[in-house]
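Some notes on the structure that comes next.
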Amino acid sequence: MRMESCADATVADLLAGRPVVLRDRKGRPGMEGRCGTLVARAARIERMPTLIDYLATGCEVGLSVAVDLTASNGDPADETSLHRLAYNPKVHATRLNEYQQAMAAVGEILAPYDSDGLIPAYGFGAIPPGAGPGARASFCFALNGDGARPEV
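Here it is as structure tokens:
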């Protein structure tokens, strides 16, 4: 029989090695109440560096974006498509598609930290514009059509 238990513990409990009572998670008959004890033999708190910590030590940010252009996300002409196009975000600010919303939200936060202020934008899963007859879907191409300078 597989036992699934739950427990309520604080970080202080775990750091101090205090026993934590395990309870049956499924509430099965005969398994009410205590069904075991958890004791952390060793525990520590590790501080994870923040973006500001990295920047303070000289780390440079190079922001880039990529858009999934595979057909599974829908036709850009369809209002419900993830690829629906809003050509002028200033005019159609409330009509940005999900990709545009995500890029705008992340870009607004990270762009000021970008070391050169240039943001390369790529697409994948589509035939690049101007690729010519017989072209196949590309796994990485510059959205602006200039592979040498893909920045927007």
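For the sequence shown, the working numbering begins at 17 and goes up steadily by one.
Think of the CB as a built atom: it goes at the ideal place given N, C-alpha and C, for glycine as much as any other residue.
Note that the structure is predicted; figures quoted are calculated from it, not measured.
- Classified as buried, L85 has 16 or more neighbouring CB atoms from the shown chains inside 10 Å of its CB.
- Comparing alpha-carbon positions, the option among T73, C51 and P35 lying closest to R57 turns out to be P35.
- About 20 Å separates the beta carbon of S80 from that of N89, a gap too long to meet the 8 Å contact definition.
- Counting the other Cβ atoms within 10 Å of the Cβ of P149 gives fewer than 16, which makes it exposed.
- Sixteen is the threshold: since fewer than 16 other Cβ atoms of the shown chains lie within 10 Å of the Cβ of P128, the residue is exposed.
- Unbroken beta strand (DSSP E) stretches of 3 residues or longer found wholly inside the region 50–138: 50–54 and 81–84, given in chain order.
- The shortest CA-to-CA distance from G52 to any of L38, M64 and R60 is the one to L38.
- Across the structure, R165 and P136 are spaced so that their CA atoms are roughly 8 Å apart.
- According to the DSSP assignment, V168 belongs to no beta strand (DSSP E), since it is labelled neither H nor E.
- Going by beta carbons, V77 and L126 fall inside the 8 Å limit.
- Closest in C-alpha terms to Y138, from the list D132, S154 and E124, comes S154.
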